[in-house]
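Using our numbering, read the sequence shown as starting at 18 and increasing by one per residue.
Just so it is clear, CB atoms sit at the ideal spot from N, CA and C, and this is done for glycine as well.
Shown next, in structure tokens, is the structure this report addresses.
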Amino acid sequence: MLSGQVPQQILPVSYGANLVALTKKDGGIRPIAIGSNLRRLTSKICYLAVKEKVSAKLQPNQLVFGIKGECKAAVHAASIFLNSSVYGVFVKIYVRNAFNSVNRICFMKFKRGA
Numbered sequence: 018m019l020s021g022q023v024p025q026q027i028l029p030v031s032y033g034a035n036l037v038a039l040t041k042k043d044g045g046i047r048p049i050a051i052g053s054n055l056r057r058l059t060s061k062i063c064y065l066a067v068k069e070k071v072s073a074k075l076q077p078n079q080l081v082f083g084i085k086g087e088c089k090a091a092v093h094a095a096s097i098f099l100n101s102s103v104y105g106v107f108v109k110i111y112v113r114n115a116f117n118s119v120n121r122i123c124f125m126k127f128k129r130g131a
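Printed below as a string of structure tokens:
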């Protein structure tokens, strides 16, 4: 799997998902995709192997990737920033990102002033 050499016959099983429809409180439907346990285990092993390198590349744009207690880390970092003598702006944005409906590139361009 990690090398990308997966036989064609098992691609649907390995990379597909079973869909389950859950009923929301408002009567709507929330689709839930349940993927392969083997694929998830493989991705977790891969993540553990590269998380330190990826974390170093993502920071400072991605504050808490790969950090246990990420919410506490974010609050602590915000507190340090707000209590420092550095002049700047702290913006907290809550984005509900159901099914990747938010364009993160747009946020990054805004952050960089592009």
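- By the Cβ rule, the segment 63-73 does not count as touching the segment 31-44, because fewer than three pairs are nearer than 8 Å.
- Its chain contains Phe-107 as the residues whose beta carbon lies nearer than 8 Å to that of Leu-99, once the 5 sequence neighbours on both sides are disregarded; these appear in chain order.
- Counting C-beta pairs closer than 8 Å gives fewer than three between the segment 37-51 and the segment 21-28, which falls short of the contact rule.
- Looking at Gly-105, Ser-31, Cys-88 and Lys-61, the one whose alpha-carbon comes closest to that of Gly-52 is Ser-31.
- In the DSSP assignment, Pro-48 is bridged to Ala-38.
- Setting aside the 5 residues that flank it on each side, Leu-55 is surrounded in the same chain by Met-18 and Ser-31, each with a C-beta closer than 8 Å to its C-beta; the list follows chain order.
- Here DSSP, grouped into helix, strand and coil, assigns Tyr-104 to coil.
- Val-67 carries a helical assignment under DSSP once its states are collapsed to helix, strand and coil.
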